[in-house]
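Residue numbers (the numbering used here), protein chains in the order written: chain G, -9 to 296; chain Y, -14 to 326.
Note that the Cβ used here is the ideal one computed from N, Cα and C, for glycine as well.
I have placed the structure first, in the form of structure tokens, so that the comments after it can refer back to it.
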Amino acid sequence: MIGVALMLIAFSVIDFSGWWTVRTISNVVHFSSILALIAMGQALVIVSKEIDLSVGSVYGLTGIAFITFEQSLGVPGAMLAALGIAATCGLVQGIAVVWGGLPSMIVTLGGLFTFRGIIYVWTGGSVRNFSEEARAHWLTRAFGGEFLGFEVVLFWMLLMLVILSAMLKLTRFGNHLLATGGAADSAESRGVRIDRVKIVTFMICSLMAGFAGIVTLADRPQTHVTIGDLLELEAIAAAVIGGCLLSGGRGSLLGAVLGAFIVTSFRYELIALGAPSSWFITFVGVVLIVAVIFNQKLARWAGHNV
Amino acid sequence: MKHATQLAAASLLATTALAGVAVAQEKQFRFVMVSHIGSNDANMGWLTESLAAFEEKYPDVTTEYISTNNYSVQEHVRLLEQAIATRPDGIAVPIVDNDAFEGPLRRAIEAGIPVVAFNIPDSRPADERIPYLTYVGGDEYLTGLHLGQYALEQAAAGNIPAPTGIVCASHDAAHQGLKARCAGMQAAMEGTGAKFEELFIGAEPAAARNTLQSFMQANPETNYIFTVAGWSSPWAWGVANDMGLSPDVDNEGVTVMTVDEAPVSIEGIRAGHLLAANSQGFWLQGYAPMEWLYWNKTLGYEPKSDILTGPVIINADNADKWAALVRSVFGDQEYDNQNTW
């Protein structure tokens, strides 16, 4: 919240007329919402003291599956099948991490390459056309149209924020997730099945990435096999900037959403100020490091062991 | 009986030996194309189809197509070094980066492996560039230049607005061929007084849209968008359309141009979304390098100039013919699948 406030003040000072326009805010909020869906899943994984580098590829694979399956399964069937693929990606990786005893960074790095490779092999370099009938389907419009003058992805993102925040703060599973990331040994000694918790968390993360892919393509079906390329880095950056500690056990889904907003806003402002757009990746790296240092100091100041 | 057995054994031996010779004659040469156009790029089909046609004509040659699947110069160089280590009879490779490719290619050429550059040449002066046999491909600078000149002709004829700002949207900041396309467009627009910007949008569709839209908002004078990949042209058109900038080809709003004889480019022109694209002769870029490698190995030929296969402007006047041609190569189903408009 502090970061967003500082950012908005800074943008208002240096570029008031460019920043505070309906079109600018709409553009930033649109992409922020897509990124936030992925970042929220990532935040849950980070809270469990793991990381998922495959979310960009899962986002892409699910989106490609949605478009490809539509011809044979129709829009509802394609959505379910695509989300099934996303859940499977998370399940397989979760099992490899928990039961295989492998570092999540390595497993999900493998997932990043594997799922991207599947996209290339499956599509042969070109993504199918999404038919006019499919674009006009009520379900496609429900996920990809506009509502009250806003892109519906904003409302889906807010809905998921409410659901996942409630899950994290109010449910037994959320309690177990925080305990697993905070002190796994202690949690296990109190009967928490940390293996199940982590596997389910990986599945939720992949489902969120896949859902973001579907929502994106329902709205703008003209895509390419590069869909999701490097989005994992922006999603991790958003989660960390939003206050997720890589040491696990602490994190905020609202923070991840605000982190996505910050990352996207800076992309706009860098371009608006005339900086080469390739500087954006440098900016994300710098802000990421600053955010990690700031979050750690803040946590230590609050008396947490990080 | 003994003589008969010996005769039969000798006949079998002779037959086997002859068959072996025949096989050796059938596959005397192995040429490798080390490409950056991988399975993440539909243009790969042009190249692999043309290599198959070449093998049909020259049965004593084996062709291999290996490629990266992402936009990584480092990975491309690694692939090239691996290909050189297998001691092929010839290599065709795009010079995506002069400095990165210089070392491995000079070593290959010194080891007696002939090299033909395709798709992207060494951009330096002739006496400084990597000593490959020849370059077969389009001229990326001319691609941008001629597309820009075509746009200005259309503006002069009153078919589209005169340029007030031009953005060259590129998905790969390290690709010197794409930079050359932008440079050609910039050269064409010099003297018009329009502001020119090269913008790195990346290859991720949603992020690219976000980047381009941010640029268009911050630079409202921009009314020409040049996407240096055909597949990103619908994104540019979509951004301009969402912003209410009238991106179809008419005498108002934004005008979008792109490249490639890809279905998405051709159908964008036919639908009135895109002003023009170009063909750089992809099929020839696969076939002709193999032929020059073959002639070099068998006849010692060394071409003394580059061999340009493009650009050819694709516009509303000839898009129907291009569609028919591309359909004949890709097939109707694949063509329609690749039309993502």
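Practice item. Could you run through the stretch 113 to 143 of chain G and flag, in chain order, every residue whose CB is less than 7 Å away from some CB of chain Y? Key: 114, 115, 116, 117, 118 and 119
Check your understanding: Should residue -14/Y be flagged as near chain G, meaning a C-beta pair shorter than 7 Å?
Key -> Counting from 1 along the second sequence, the entry for residue -14/Y is found at position 1. With a pLDDT of 42 at residue -14/Y, under the threshold of 50, the modelled position of that residue is not reliable, and no figure is offered here.
Review point. Looking at residue 291/Y and residue 120/Y, is the spacing between their C-beta atoms short of 7 Å?
Key: To locate residue 120/Y, count along the second sequence from 1; it is residue 135. To locate residue 291/Y, count along the second sequence from 1; it is residue 306. Yes, these two residues count as a Cβ contact at 7 Å.
Exercise for review: With 7 Å as the threshold, decide whether the Cβ of residue 240/G is near any Cβ in chain Y.
Suggested key: Counting from one through the first sequence, the residue named residue 240/G turns up at place 250. With 7 Å as the cut-off, residue 240/G does not count as an interface residue toward chain Y.
Exercise for review: For residue 307/Y, decide whether its Cβ has a neighbour in chain G, counting only Cβ atoms nearer than 7 Å.
Suggested key: Sequence index remark: in the second sequence, residue 307/Y carries index 322 (1-based). No, residue 307/Y does not count as interfacial toward chain G.
**Study point:** Boundaries of the alpha helix (DSSP H) in which residue 27/G is found, first to last residue
**Key:** Start at 1 with the first residue of the first sequence, and residue 27/G comes out as number 37. Looking at the DSSP string, the run of the alpha helix (DSSP H) that includes residue 27/G is 12 to 37.
**Study point:** Nearest candidate by alpha-carbon position, reference residue 281/G, set 260/G, 50/G and 245/G
**Key:** Walking along the first sequence from the start, residue 281/G turns up at place 291. It is 245/G whose Cα lies nearest to the Cα of residue 281/G.
Exercise for review: Pick helix, strand or coil for residue 162/Y, following the three-state DSSP scheme.
Suggested key: For the purposes of this step, residue 162/Y is identified with residue 177 of the second sequence, where counting begins at 1. Helix at residue 162/Y.
Exercise for review: Determine the burial state of residue 44/G: buried for a count of at least 16 other Cβ atoms within 10 Å of its Cβ, exposed for fewer.
Suggested key: Start at 1 with the first residue of the first sequence, and residue 44/G comes out as number 54. The residue is buried, with at least 16 neighbouring Cβ atoms inside 10 Å.
**Study point:** Cβ shell of residue 174/Y (< 7 Å), same chain only, five flanking positions each side left out
**Key:** For the purposes of this step, residue 174/Y is identified with residue 189 of the second sequence, where counting begins at 1. Correct list, in chain order: 133, 148, 151 and 181.
Practice item. List the whole-angstrom C-beta distance separating residue 221/G from residue 46/G, where the pair is believed to meet the contact cut-off of C-beta under 8 Å. Key: Indexing the first sequence from 1 puts residue 221/G at position 231. Indexing the first sequence from 1 puts residue 46/G at position 56. The pair is a contact, with the Cβ atoms about 4 Å apart (cut-off 8 Å).
Check your understanding: Should residue 118/G go down as buried or exposed, given a rule of 16 or more other Cβ atoms within 10 Å for buried?
Key -> Residue numbering aside, residue 118/G sits at position 128 when the first sequence is read from its first letter. That one is buried.
**Study point:** Whole-Å CB distance - residue 247/Y paired with residue 27/Y, under 8 Å assumed
**Key:** Start at 1 with the first residue of the second sequence, and residue 247/Y comes out as number 262. Start at 1 with the first residue of the second sequence, and residue 27/Y comes out as number 42. With a Cβ gap of about 6 Å, residue 247/Y and residue 27/Y count as contacting.
Exercise for review: Find the residues of chain G that neighbour residue 31/Y, judging by a C-beta separation of less than 8 Å, and give them in chain order.
Suggested key: Locating residue 31/Y in the second sequence gives position 46, where the first residue counts as 1. None at all; the shortest Cβ gap to chain G is about 11 Å.
**Study point:** Residues of its chain near residue 153/Y, where Cβ-Cβ distance is below 6 Å and the 5 sequence neighbours each way are ignored
**Key:** Taking the first residue of the second sequence as 1, we reach residue 153/Y at position 168. If we look at residue 153/Y and ignore the five residues flanking it on each side, its Cβ neighbours are 167, 170, 183 and 211.
Point to revise | Closer than 7 Å at the beta carbon, the chain A residues around residue 17/G | key: Among the protein chains in the structure shown, which are G and Y, there is no chain A.
Exercise for review: Report the partner residues of residue 293/Y according to the DSSP bridge assignment.
Suggested key: As a working note, residue 293/Y is residue 308 in the second sequence. Answer is 122/Y.
Review point. Residue 52/Y bridges to which residues according to DSSP?
Key: In the second sequence, the residue the question calls residue 52/Y occupies position 67. In DSSP, residue 52/Y forms a bridge with 20/Y.
Review point. Taking Cβ-Cβ distances shorter than 9 Å, what residues in chain G pair up with residue 186/Y?
Key: Your numbering for residue 186/Y matches position 201 in the second sequence. Within 9 Å Cβ-Cβ: 267.
Review point. What does a CB cutoff of less than 8 Å around residue 193/G pick up in its chain, not counting 5 residues either side in sequence?
Key: Walking along the first sequence from the start, residue 193/G turns up at place 203. So the qualifying residues of the chain are 77, 80, 81 and 84.
**Study point:** 7 Å Cβ cutoff, residue 26/Y in contact with chain G
**Key:** Along the second sequence, read from residue 1 onward, the residue named residue 26/Y stands at position 41. True, the Cβ-Cβ gap to chain G drops below 7 Å.
Review point. Do the CB positions of residue 184/G and residue 173/G come within less than 7 Å of each other?
Key: Residue numbering aside, residue 184/G sits at position 194 when the first sequence is read from its first letter. Residue numbering aside, residue 173/G sits at position 183 when the first sequence is read from its first letter. Not in contact: residue 184/G and residue 173/G (Cβ atoms no closer than 7 Å).
Check your understanding: Which full runs of the beta strand (DSSP E) of 3+ residues lie inside the stretch 32 to 95 of chain G, going along the chain?
Key -> none
Check your understanding: Is residue 301/G near residue 215/G, with beta carbons less than 7 Å apart?
Key -> Residue coverage of chain G in this structure runs from -9 to 296, which leaves residue 301/G outside it and unanswerable.
Check your understanding: Using CA coordinates, which residue listed in 95/G, 36/G, -8/G and 212/G is at the minimum distance from residue 169/G?
Key -> Position 179 of the first sequence, counting from 1, holds the residue named residue 169/G. Among 95/G, 36/G, -8/G and 212/G, the Cα nearest to that of residue 169/G belongs to 36/G.
**Study point:** For residue 175/Y, the first and last residue of its enclosing alpha helix (DSSP H)
**Key:** Walking along the second sequence from the start, residue 175/Y turns up at place 190. Run containing residue 175/Y: none; DSSP gives neither H nor E here.
Exercise for review: Would you kindly work out how many angstroms separate the C-alpha atoms of residue 269/G and residue 318/Y, rounded to a whole number?
Suggested key: Your numbering for residue 269/G matches position 279 in the first sequence. Your numbering for residue 318/Y matches position 333 in the second sequence. Roughly 41 Å separates the two Cα atoms.
Exercise for review: Note the first and the last residue of the continuous alpha helix (DSSP H) segment covering residue 171/G.
Suggested key: By 1-based counting over the first sequence, the position of residue 171/G is 181. Counting along the chain, the alpha helix (DSSP H) containing residue 171/G begins and ends at 162 to 172.
Practice item. Determine the burial state of residue 62/G: buried for a count of at least 16 other Cβ atoms within 10 Å of its Cβ, exposed for fewer. Key: Sequence index remark: in the first sequence, residue 62/G carries index 72 (1-based). The residue in question, residue 62/G, is exposed, as its Cβ has fewer than 16 Cβ neighbours within 10 Å.
Review point. How is residue 184/Y classed by DSSP in three states: helix, strand or coil?
Key: Counted from its first residue, the second sequence places residue 184/Y at position 199. Strand.
Practice item. For my contact list, residue 25/G and residue 228/G are in at a C-beta cut-off of 8 Å; report their separation, rounded to the angstrom. Key: Numbered from its first residue, the first sequence carries residue 25/G at position 35. Numbered from its first residue, the first sequence carries residue 228/G at position 238. That belief holds up - the Cβ atoms of residue 25/G and residue 228/G are roughly 6 Å apart, short of 8 Å.
Check your understanding: Is the Cβ of residue 270/Y closer than 7 Å to any Cβ of chain G?
Key -> Here residue 270/Y refers to the residue found at position 285 when the second sequence is read from its first residue. Contact with chain G is absent for residue 270/Y, since none of that chain's Cβ atoms lies less than 7 Å from the residue's Cβ.
Exercise for review: For residue 137/G, write down the residues that DSSP places opposite it in a beta bridge.
Suggested key: As a position in the first sequence, residue 137/G is number 147, starting the count at 1. When beta bridges are read from the DSSP output, residue 137/G appears opposite 140/G.
Point to revise | Whole-Å CB distance - residue 130/Y paired with residue 172/Y, under 8 Å assumed | key: Counted from its first residue, the second sequence places residue 130/Y at position 145. Counted from its first residue, the second sequence places residue 172/Y at position 187. Sure, about 6 Å apart at Cβ, within 8 Å.
Exercise for review: Go through the stretch 83 to 142 of chain Y residue by residue and report every complete run of the alpha helix (DSSP H) that reaches 4 residues or more, in order.
Suggested key: Listed in chain order, they are 83 to 95 and 125 to 141.
Check your understanding: Where does residue 215/Y land, buried or exposed, given buried means 16+ other C-beta within 10 angstroms?
Key -> If you number the second sequence from 1, residue 215/Y lands on position 230. Buried: at least 16 other Cβ atoms inside 10 Å.
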